[in-house]
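2 protein chains.
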Amino acid sequence: MRPNKRDELVRKALEVFYRDGFHATGMDKLVVETGVSKTSMYKHFRTKEELILAALRLRDENFRNWFLRRIEELSNTPAGQLIAGFDALGEWFREDKFRGCMFIKAGAEYQDKDHPIHVQAAEHKRLLLEHFTRLARAAGARDPERLGCQILLLKEGAIVTAVLLNSCEPAQDAKAAAQVLLDAALAG
Amino acid sequence: MRPNKRDELVRKALEVFYRDGFHATGMDKLVVETGVSKTSMYKHFRTKEELILAALRLRDENFRNWFLRRIEELSNTPAGQLIAGFDALGEWFREDKFRGCMFIKAGAEYQDKDHPIHVQAAEHKRLLLEHFTRLARAAGARDPERLGCQILLLKEGAIVTAVLLNSCEPAQDAKAAAQVLLDAALAG
DNA sequence: GAAATTATTAACCGATCGGTACACATATAA
DNA sequence: TTATATGTGTACCGATCGGTTAATAATTTC
């Protein structure tokens, strides 16, 4: 039961869950796709839920690492980074494998607020909100909590809209909106 | 096969799909909850997918009727209605049975862009976008397409955030953001 | 090198999935 | 009354669900 084997399973499971959904992905499909036997799978993860939680942890790590790093590459001021986030989003939307936000989907499939999967999805959003709020404060916004939350709203809305609509440019429109909100929050 | 019986089945199916999700709701559960036999169910709907599509149609009708009517109750100017939408959202979020947006969830469970369920979910959002854009144009916004899309972004973001976060007031923050965007779009 | 531990496999478990076959009961039409 | 639709319920279909059992293969420990 070497640990890198486990990581490999989580990585593959993440890919399949993200592509096909949670309920729609059976353990048998994962067993086939990973090439491992079912018993081995259940040696590494006691239940399907545990595997989903592990996949979500990896996704959180991957996404936040990429997103925060990309933002820092695109700008070196807090205000600029708040805005640049939407350019990063646009890049993400244009990827072939883009399938929306895994945590929105997790929250949609496991709706009970006490369910561990829902809780973990919520935690991801909380961490993002925290980051946006921190940037808003560093930028000198009048009400950083509010601006941080508004930036989050725009980001989540852009993701959902990118998934469901072809008729507008969510990342661009969200970026423009964020700029207006930021200017207003700095002017006060 | 009287038509009101069919409507009753769709209404109940909508309730259960909304509460528990699509993949998580089996036809057997629906048969039990509606009290009808499985054969009768399949006389009314040839497949589960057909039942889901019927439920989504009803949901679209119910939601848009309620939302647009409520907006008109709250304000009688286009600009005011764009903003009042977020008060209506806040009322919705506070309902006991609030479980997020059924169309976001449908798009999340049926991700293939060509899947009939995904297409129908997208259509709902398109209709809302159209309405917002119309209001933005009537309000005299400089770029009504853009403002309409931004209002939609804020709405979708508020819904997602209301589902996943307890730490901010999405409807209020979205409303404040919408006001800033509207003012900017009118001032130009 | 033998013993003990760990990893892996195929086969299988009851439950549930979406969907049907068929017998029966009811209603209409002649 | 009899023939013909129409609607309903039971029982069942093969496939798949998440998860387990028992035997074997590989590795470690002494």
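Chains C and U supply the protein sequences, listed in that same order. 1 is the number of the first residue of the first sequence in this note's numbering; add one for each residue after it. 189 is the number of the first residue of the second sequence in this note's numbering; add one for each residue after it. Idealized CB from N, CA, C, for every residue including glycine. Just so you know, these numbers come straight off a predicted model, no measurement behind them.
{"Query": "I'd like to know whether the C-beta of A326 of chain U is nearer than 8 Å to at least one C-beta of chain C.", "Result": "no"}
{"Query": "With burial defined as no fewer than 16 other Cβ atoms inside 10 Å of the residue's Cβ, what is the status of G345 of chain U: buried or exposed?", "Result": "buried"}
{"Query": "Can you give me, in chain order, the residues of the segment 174–187 of chain C that have a beta carbon less than 8 Å from any beta carbon in chain U?", "Result": "A174, A176, A177, V180, L181, A184"}
{"Query": "Kindly list, in the order they appear in chain U, the residues whose Cβ is closer than 8 Å to that of H115 of chain C.", "Result": "Those do not exist, as H115 of chain C stays about 12 Å from chain U at its closest Cβ, beyond 8 Å."}
{"Query": "If we define contact as Cβ-Cβ less than 8 Å, is R99 of chain C a contact residue for chain U?", "Result": "yes"}
{"Query": "Using a 10 Å radius around the Cβ and a threshold of 16 neighbouring Cβ atoms, would you call T213 of chain U buried or exposed?", "Result": "buried"}
{"Query": "Are the segment 353–362 of chain U and the segment 134–154 of chain C in contact at 8 Å, needing three or more beta carbon pairs?", "Result": "yes"}
{"Query": "Hey, quick one: how far does the alpha helix (DSSP H) through K113 of chain C stretch, first residue to last?", "Result": "Premise fails: K113 of chain C is in no alpha helix (DSSP H) and is neither H nor E."}
{"Query": "Are the segment 106–115 of chain C and the segment 287–297 of chain U in contact at 8 Å, needing three or more beta carbon pairs?", "Result": "yes"}
{"Query": "Quick check: what's the CA-CA separation for L186 of chain C versus H131 of chain C?", "Result": "18 Å"}
{"Query": "So, E221 of chain U versus V204 of chain U, is the Cβ gap smaller than 8 Å?", "Result": "yes"}
{"Query": "Under DSSP, the alpha helix (DSSP H) around V160 of chain C begins and ends at which residues?", "Result": "144–164"}
{"Query": "Grouping DSSP H, G and I as helix and E and B as strand, with all else coil, what is K97 of chain C?", "Result": "coil"}
{"Query": "Between U:S228, U:S225, U:E238, which lies nearest to L202 of chain U when the distance is taken from Cα to Cα?", "Result": "U:E238"}
{"Query": "Compute the Euclidean distance between the alpha carbons of N192 of chain U and H232 of chain U, then round it to the nearest angstrom.", "Result": "11 Å"}
{"Query": "Tell me the DSSP secondary structure of G278 of chain U in three-state form.", "Result": "helix"}
{"Query": "I'd like to know if V163 of chain C contacts chain U, where contact means its C-beta is closer than 8 Å to some C-beta of that chain.", "Result": "yes"}
{"Query": "What residues from chain C crowd round L317 of chain U, counting only those whose CB sits closer than 8 Å?", "Result": "L165, S167, C168"}
{"Query": "Verify whether the separation of the beta carbon atoms of H84 of chain C and I71 of chain C is less than 8 Å.", "Result": "One detail in the question is off: residue 84 of chain C reads as Ala in this sequence, not His. Yes, Cβ-Cβ distance for A84 of chain C and I71 of chain C is below 8 Å."}
{"Query": "Looking only at its chain, what residues have a beta carbon closer than 7 Å to the beta carbon of T349 of chain U, apart from the 5 residues adjacent to it on each side?", "Result": "C356, P358"}
{"Query": "Contact defined as beta carbons within less than 8 Å: I believe I339 of chain U pairs with A310 of chain U. What is the distance between those atoms, to the nearest angstrom?", "Result": "The pair is not a contact, with the Cβ atoms about 18 Å apart (cut-off 8 Å)."}
{"Query": "Going by C-alpha distance, which of U:G209, U:N264, U:I347, U:L246 is nearest A326 of chain U?", "Result": "U:N264"}
{"Query": "Using the Cβ count rule (16 or more neighbours within 10 Å means buried), how would you classify T235 of chain U?", "Result": "exposed"}
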